[in-house]
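To convert, count from 1 in the sequence shown and add 294; that's our numbering. In what follows, a structure is listed as structure tokens, so that the remarks can point back to it.
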Amino acid sequence: MIKTRQDLSHVQRAIVKIGSSLLTDADTGIRMDMVEHVVEQVFSLQKAGVQVCIVSSGAVAIGRVHLGWLGKTLSVHEKQAAAAVGQSWLMESYGKAFAKHDIQVAQMLLTKDDLRHRRRYLNASNTSETLFSAGVVPIVNENDTVVVEEIKFGDNDNLGALVAMMVNADLFVMVTDVDGLYDANPNEQQDAKRCSVIHHLDDSVMAMAGGSDSEFGTGGMLSKLTAVEIATRGGVAAAIVNGQQRGVLTDLFVGNDVGTLFVCGEDRHNRHQHWIADVLHVAGQLHVDAGAAQVIIHKGASLLPIGMTDVQGNFDKGECVEVVADGVVIARGLCNYNSDDLRRVQGLSSQDMAKTLGYKDFTSVIHRDNLVLKGKR
Ligand code: GLU
295 MIKTRQDLSH VQRAIVKIGS SLLTDADTGI RMDMVEHVVE QVFSLQKAGV
345 QVCIVSSGAV AIGRVHLGWL GKTLSVHEKQ AAAAVGQSWL MESYGKAFAK
395 HDIQVAQMLL TKDDLRHRRR YLNASNTSET LFSAGVVPIV NENDTVVVEE
445 IKFGDNDNLG ALVAMMVNAD LFVMVTDVDG LYDANPNEQQ DAKRCSVIHH
495 LDDSVMAMAG GSDSEFGTGG MLSKLTAVEI ATRGGVAAAI VNGQQRGVLT
545 DLFVGNDVGT LFVCGEDRHN RHQHWIADVL HVAGQLHVDA GAAQVIIHKG
595 ASLLPIGMTD VQGNFDKGEC VEVVADGVVI ARGLCNYNSD DLRRVQGLSS
645 QDMAKTLGYK DFTSVIHRDN LVLKGKR
């Protein structure tokens, strides 16, 4: 696990997220010089044995230019159309730049919803593993044509953090147009200092991001810190660097003091628990009695059918549900049975569950290994 800058020279797999402001320009759409700069550095990282996946924004901004929609306020559908146009230019540019180094690229368009659903998540994860082993650089962007709320600036930070966990990366780097996180607004205070390494993402650190209108947060510092929080809780270190600085990525990966590095705390969730607690889509609720709540909270017990008093929602086996006691969510977990079966067995002993269902794959409704208490989040 990454604890110091020196540990960065041992990174084996990294996500490099590039922001729109860095990659695009109002005259030409894509800034080919910037793409080439990033690609050269990724190439040298690959040569040094680091597997890299790029998460790239820029589709909407590039599409605007090609459609002659500059300066126009776009509706959501126009943004989606612009993204659809811009995405192909974006891929063409990365494709050309990597081809000079004989490296193939792959387009992966994902939504956060895809990552919250177990089956789609597994498919995306298997695809990226296969691409890595074939030496291909996956280039991820939000699948903007199928989402509405997500099509806004800063959302790829979040997506990048989730992808970093999905591919089991050691490091998640956000390449932006600011030098890192400052302890005060550098545009207002001359003595504002760049934070080199952050060990705990507490309230005082979050406050450094300023409000959403803060100038030095033009890279969307608040959304970056939220993404840092997701990544570090999931065991992935994060960094914010300025892509305009020559060779900043290669510098970062040899341990030089560039940007801001966020290391993971000791109290990090294991990745499986983090995924259940923070990422997976909640498909329903299981209401439990006081006795079940007691043993789940205090004894680390699994949830058994006998403790269930109500089942809400329609979900499949394996989906994530909330466990509710007395109107309060006490935990989240992965269900061993689907909602129809659970309605038939609520309140029964595990033996009677087997008789009623005619099968019993599991004694518990949620095994404790797949159960995360609310207070532990
Ligand atoms: N997916 C959007 C695009 O490619 C960008 C979202 C973001 O900037 O975070 O334009």
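Note that the Cβ used here is the ideal one computed from N, Cα and C, for glycine as well. The structure presented is a predicted model; accordingly, all values stated were derived computationally and were not measured.
query: Is the Cβ-Cβ distance between LYS487 and ASP477 less than 8 angstroms?; result: yes
query: With a threshold of 16 other CB atoms inside 10 Å of the CB of TYR653, please say whether the residue is buried or exposed.; result: exposed
query: Grouping DSSP H, G and I as helix and E and B as strand, with all else coil, what is ASN536?; result: strand
query: Assuming VAL530 and ALA463 are in contact, meaning their beta carbons sit under 8 angstroms apart, how far apart are those beta carbons, in whole angstroms?; result: 6 angstroms
query: GLN306: buried (16+ other C-beta within 10 angstroms of its C-beta) or exposed?; result: exposed
query: Excluding the 5 residues preceding and the 5 following ASP379 in the sequence, name in chain order all residues of the same chain whose CB lies nearer than 7 angstroms to its CB.; result: It is worth fixing the name first, because residue 379 is Val in this sequence and not Asp. So the list reads GLY357, HIS360 and LEU361, once near-sequence residues are dropped.
query: Short of 7 angstroms in beta carbon distance, which residues of its chain neighbour VAL666, apart from the five on each side in sequence? Order them along the chain.; result: GLN567, ILE570, ALA571, ALA625, ARG626 and GLY627
query: In its own chain, which residues sit with a C-beta less than 7 angstroms from the C-beta of ASP473, not counting the 5 before and 5 after it?; result: ARG488, ASN536 and GLY553
query: If you measure from the CB of GLU386, is any heavy atom of ligand 1 nearer than 7 angstroms?; result: no
query: For the alpha helix (DSSP H) that contains MET385, what are its first and last residues?; result: 370 to 393
query: Which same chain residues, not among the five before or five after VAL430, have their C-beta less than 6 angstroms away from its C-beta?; result: GLN398 and ALA400
query: With C-beta atoms as the reference, is VAL623 less than 8 angstroms away from LEU580?; result: no
query: Determine whether the beta carbon atoms of GLY323 and TRP383 lie at a separation below 8 angstroms.; result: yes
query: Of the choices SER315, ALA393 and VAL332, whose alpha-carbon is the least far from that of VAL542?; result: VAL332
query: Taking only runs that begin and end inside the stretch 558 to 606, name each unbroken alpha helix (DSSP H) of 4 or more residues, in chain order.; result: 565 to 568 and 584 to 593
query: Under the DSSP definition of a beta bridge, which residues are partnered with ASP319?; result: GLY323
query: Should GLN735 be labelled buried (16 or more other beta-carbon atoms within 10 Å of its own) or exposed?; result: Lying before the first or after the last residue shown, residue 735 is absent from the chain, which here runs from 295 to 671.
query: Using the DSSP secondary-structure output, state which residues sit across from MET468 in a beta bridge.; result: LYS311 and ILE534
query: For PRO480, which residues does DSSP report across the bridge?; result: Bridge partners of PRO480: none, in fact.
query: Excluding the five sequence neighbours on either side, which residues of its own chain have a C-beta within less than 7 angstroms of the C-beta of ALA587, listed in chain order?; result: ALA619 and ILE624
query: State yes or no: is the C-beta of VAL354 nearer than 7 angstroms to some heavy atom of ligand 1?; result: yes
query: Please determine whether the Cβ atom of ALA455 lies at a distance below 7 angstroms from any heavy atom of ligand 1.; result: no
query: Quick one: Cα of SER517 to Cα of MET647, how far?; result: 46 angstroms
query: State the CB to CB distance for the pair LEU456 and VAL573, rounded to an integer number of angstroms; the pair is presumed to be in contact (CB under 8 angstroms).; result: 6 angstroms
query: Assuming GLY549 contacts GLN340 (C-beta within less than 8 angstroms), just tell me the rounded distance between them.; result: So it is not a contact: roughly 18 angstroms between Cβ atoms.
query: Does PHE609 come out as helix, strand or coil in the three-state DSSP assignment?; result: coil
query: To the nearest angstrom, how far is it from the Cα of ALA503 to the Cα of ARG410?; result: 27 angstroms
query: Does DSSP put GLN640 in a helix, in a strand, or in coil?; result: coil
query: Under a Cβ-count criterion, where at least 16 other Cβ atoms within 10 Å of its own Cβ denotes burial, should ALA525 be classed as buried or exposed?; result: buried
query: Which value, in whole angstroms, describes the spacing of the CA atoms of ALA391 and ARG638?; result: 58 angstroms
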